[in-house]
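Residue numbers for the sequence shown follow our numbering, so the first one is 10 and each next one is one higher.
Beneath this line is the structure, given in structure tokens, with notes to follow.
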Amino acid sequence: MVGTRITILILSLFLLAGCDKNSQSELDFQTPENSYNIVIEGGINTLVKQQYIQISLPSLKAEEAPLPVTEAQVSVNDGYKEISFKMTSTPGLYSAYMSGNANYNKAYKLTVKYKNVTYSATDTLKQVVDITDDYLPFTAKKQVDGAVKITIPKHSFGYMNSGKWLIAYTGVPEWNPGKIGGPQYYNYTHTLGTPNALYPLIKDDREVILGPDDLISIYKFSLSETYSRYLYSIFLETDWKGIFSSVPGKITGNISGNAQGFFYVTDIDFRKYRVKEFITQ
Numbered sequence: 010m011v012g013t014r015i016t017i018l019i020l021s022l023f024l025l026a027g028c029d030k031n032s033q034s035e036l037d038f039q040t041p042e043n044s045y046n047i048v049i050e051g052g053i054n055t056l057v058k059q060q061y062i063q064i065s066l067p068s069l070k071a072e073e074a075p076l077p078v079t080e081a082q083v084s085v086n087d088g089y090k091e092i093s094f095k096m097t098s099t100p101g102l103y104s105a106y107m108s109g110n111a112n113y114n115k116a117y118k119l120t121v122k123y124k125n126v127t128y129s130a131t132d133t134l135k136q137v138v139d140i141t142d143d144y145l146p147f148t149a150k151k152q153v154d155g156a157v158k159i160t161i162p163k164h165s166f167g168y169m170n171s172g173k174w175l176i177a178y179t180g181v182p183e184w185n186p187g188k189i190g191g192p193q194y195y196n197y198t199h200t201l202g203t204p205n206a207l208y209p210l211i212k213d214d215r216e217v218i219l220g221p222d223d224l225i226s227i228y229k230f231s232l233s234e235t236y237s238r239y240l241y242s243i244f245l246e247t248d249w250k251g252i253f254s255s256v257p258g259k260i261t262g263n264i265s266g267n268a269q270g271f272f273y274v275t276d277i278d279f280r281k282y283r284v285k286e287f288i289t290q
């Protein structure tokens, strides 16, 4: 009798979980529990000298796009000097020219002033491990017809260093620091193991067939410990949720005050190869 009750209880939990997920997908977009004054995105990189920060107001309705913030004062201190950012021709997108900004292990501080409120964030520049000194997070296998199948998992685990990668080829655009948001083609390497031992992760590989002489671009981005943990928290609430996962929690970035987002600093290694250089049997 006790065993029967336990079985019924477990089945009820499955049904409730299923009903909850289905009903949530049918609900109208509601005002989020955690509201923010402002959203700040973007960061500083070492590959190019032109840097970009995007600032917007969060949207409260699904059909509404975030409103750009056009009257903010934006600056970044690289540990030596304060660099002012100016808004570009794209509303809400601020830019500045920064040379000699590879200040490894130094803190970069972002300051944003908007409507008499100051928001700030700090991140540390970690030197990237060169692409040639790391295990590549994709495979290339020659096909019967001579073409090459590239398989790129979105997440790879057990690496010595956390990293963000962009593998670009025909059909996948090269990295553009001034394009924040939109379709994302990044994949990630994590120092930790798979986060969910009870339930398998959803397979999320990108596959493409290329010619052996086609060019492939590889960008590798370093991640500070803080930025790595932030991304990991996001993936725990999105890519890695299991059947008994709870309602998504509040993910806090590094922006002070009532703001959302993350200001990052990243070192980048960039290289181009022919596809045939990666072929494994």
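Glycine included, C-beta positions come from ideal geometry on N, C-alpha and C.
These figures come from a predicted structure and were not determined experimentally.
- For Lys-150, same chain residues with a beta-carbon under 8 Å away, outside a window of 5 residues either side, are Val-157, Lys-158, Thr-160, Ile-288, Thr-289, Gln-290 in chain order.
- Around Gln-63, the same chain offers Glu-50, Gly-51, Gly-101, Leu-102, Ile-189 as residues with beta carbons nearer than 7 Å, after the five sequence neighbours per side are excluded.
- When C-beta atoms of the region 127-147 are compared with those of the region 231-251, three or more pairs fall below 8 Å, so the two segments count as touching.
- Nearest to Ile-264 by alpha-carbon distance, out of Leu-76, Ile-140, Thr-127, is Thr-127.
- DSSP places Ile-243 inside the alpha helix (DSSP H), whose first and last residues are 234-246.
- Using a C-beta cut-off of 8 Å, the region 262-276 makes no contact with the region 214-227, since fewer than three inter-stretch Cβ pairs fall below that distance.
- Annotation for Thr-198: the continuous beta strand (DSSP E) segment containing it runs 195-199.
- Glu-216 is bridged by DSSP to Thr-160.
- DSSP places Phe-94 in the strand class (E or B) of the three-state scheme.
- Secondary structure at Glu-286: helix, using DSSP grouped into helix, strand and coil.
- Cβ neighbours of Ile-140 within its own chain (closer than 7 Å, five residues either side excluded): Ile-227, Lys-229, Asp-278, Arg-280.
- Nearest to Glu-80 by alpha-carbon distance, out of Asn-125, Val-284, Val-57, Ile-92, is Asn-125.
- Excluding its 5 nearest sequence neighbours in each direction, Ser-165 has C-beta neighbours in its own chain below 6 Å: Pro-146, Thr-198, listed in chain order.
- Annotated as proximal: Tyr-123 and Gln-82, with beta-carbon spacing under 9 Å.
- Within the same chain, Cβ atoms closer than 7 Å to the Cβ of Gly-262 are found at Tyr-239, Gln-269, Gly-270, Phe-271, the five residues on either side in sequence being excluded.
- Counting only the Cα atoms, Val-153 lies some 16 Å from Asp-222.
- The residue from Gly-167, Gly-155, Ser-129 with its alpha-carbon nearest to that of Tyr-144 is Gly-167.
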